[in-house]
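Numbering (mature numbering (1 follows the signal peptide of the UniProt record, and there is no 0)) for the sequence shown: -16 to -1, 1 to 252.
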Amino acid sequence: MIKLLLAVLFFYGVIATTVDLSDTFCNEAVDINRFSQLLSNHLLFDHLDKAYAQLSKRISFQFRDAIQVKVKKVKSSSTTTIIATNTTKKTSVMQPPVDVQILKRQLKGAVGSFVEDKLPGILTSRYNTSHLSRQLDHLLYQYCPSLGKGGMVSQQCLLDHRDEILSDMDRYTSTGLERTLDRVNALDLPRLFEKTRAQISGILVHFNQNMMDKSHYRLELKIKKRHKEKAEEGDWITPTMVQEFIDTLNHTDGEQDHSMQQFLALST
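So, in structure tokens, the structure goes:
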């Protein structure tokens, strides 16, 4: 009888101990700086990098369409040679020594590579893990006060406010990225377009000096009118493109919950 009683007491003691340990785990302190950094890295490398690459391709396409290379004939009395063969007269028109169509394709490729190489770095400098981490720190402290020195907060507090935190996090990142893209559109893209135009102009100068017959043809760079207006007004990124960019970052509810649980576990 005593053995049975001891066994029962031991069984209930194990259950009580298990409940206490679970409760203790939920109340573990979380290093908020580490949690914010892990979550920021996840957003940047798993989501923002992809969005930056997609946006760069869209801008690259617009730049390639805007910058046109034309062949201008130089007026000269010697551009046409009349050749008489028997009784038939034929007109022979001198052709450019460079295959202009191939050159145009190569230059469009160069524009695309230049933009897609430079623009992601510009975007990252405007909005990166440091920006995200600071925003998340500020957000999390609004819901869960620090437990003391070292930036520690209650894990249970974060779990209790999980839905509000995830909702606010989406709002913070969306608002921050909209502002960032506005600045990039108004300040960085006009400068990048001018650098791209200058690069292509330099290539055309080289071809005109070394590859073209100056007395007959000259390569010229032209900007399409509608794109010229975009360049002057800083209107490369449309509202639709901004929304598509932000949609790329959206998690499903399950993904958000899993990410938060995972990074909380790594931050205790």
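Ideal Cβ positions, reconstructed from N, Cα and C, are used throughout, including at glycine.
| Query | Result |
| --- | --- |
| Does the contact criterion of 3 or more C-beta pairs under 8 Å hold for the segment 144 to 161 versus the segment 177 to 190? | no |
| Determine the direct distance from the alpha carbon of L124 to that of I16, and round the result to whole angstroms. | 8 Å |
| Excluding five sequence neighbours on each side, which residues of the same chain lie with their C-beta closer than 6 Å to the C-beta of L165? | I221, V226 |
| Determine the closest residue to S114 out of H26, F45, E100, R42, with distance taken between C-alpha atoms. | H26 |
| Excluding sequence positions up to five away, which residues of its chain have a Cβ less than 6 Å from the Cβ of K212? | none |
| Distance, Cα to Cα, F9 vs L142? | With a pLDDT of 45 at F9, under the threshold of 50, the modelled position of this residue cannot be trusted; read the value that follows with caution. Rounded to the nearest angstrom, the two C-alpha atoms are 13 Å apart. |
| Decide if the segment 199 to 209 is in contact with the segment 45 to 53; the criterion is three or more beta carbon pairs, one per stretch, under 8 Å apart. | yes |
| Give me whichever residues DSSP pairs with R202 in a beta bridge. | K56 |
| Would you kindly check if the distance between the Cβ of K34 and the Cβ of T232 is under 8 Å? | yes |
| Return the first residue and the last residue of the alpha helix (DSSP H) that D49 is part of. | 33 to 50 |
| Could you give the first and the last residue of the continuous beta strand (DSSP E) run that contains S138? | 136 to 138 |
| From this set, L32, S117, S251, Q193, which residue's C-alpha is nearest residue 255's C-alpha? | Here the chain covers residues -16 to 252 and nothing more, so residue 255 does not appear. |
| Within a Cβ cutoff of 6 Å, which residues of the same chain sit near K92, ignoring the five residues on either side of it in sequence? | R48 |
| Rounded to whole angstroms, what is the Cα-Cα separation between K179 and G218? | 15 Å |
| Beta carbon of E100, beta carbon of T252: below 8 Å? | no |
| Can the beta-carbon of L120 be found less than 8 Å from the beta-carbon of L39? | no |
| Going by DSSP, what residues sit across from D15 in a beta bridge? | M136 |
| So within the segment 95 to 161, which uninterrupted beta strand (DSSP E) runs reach at least 3 residues, ignoring any that extend past its ends? | 136 to 138 |
| Should M195 be labelled buried (16 or more other beta-carbon atoms within 10 Å of its own) or exposed? | exposed |
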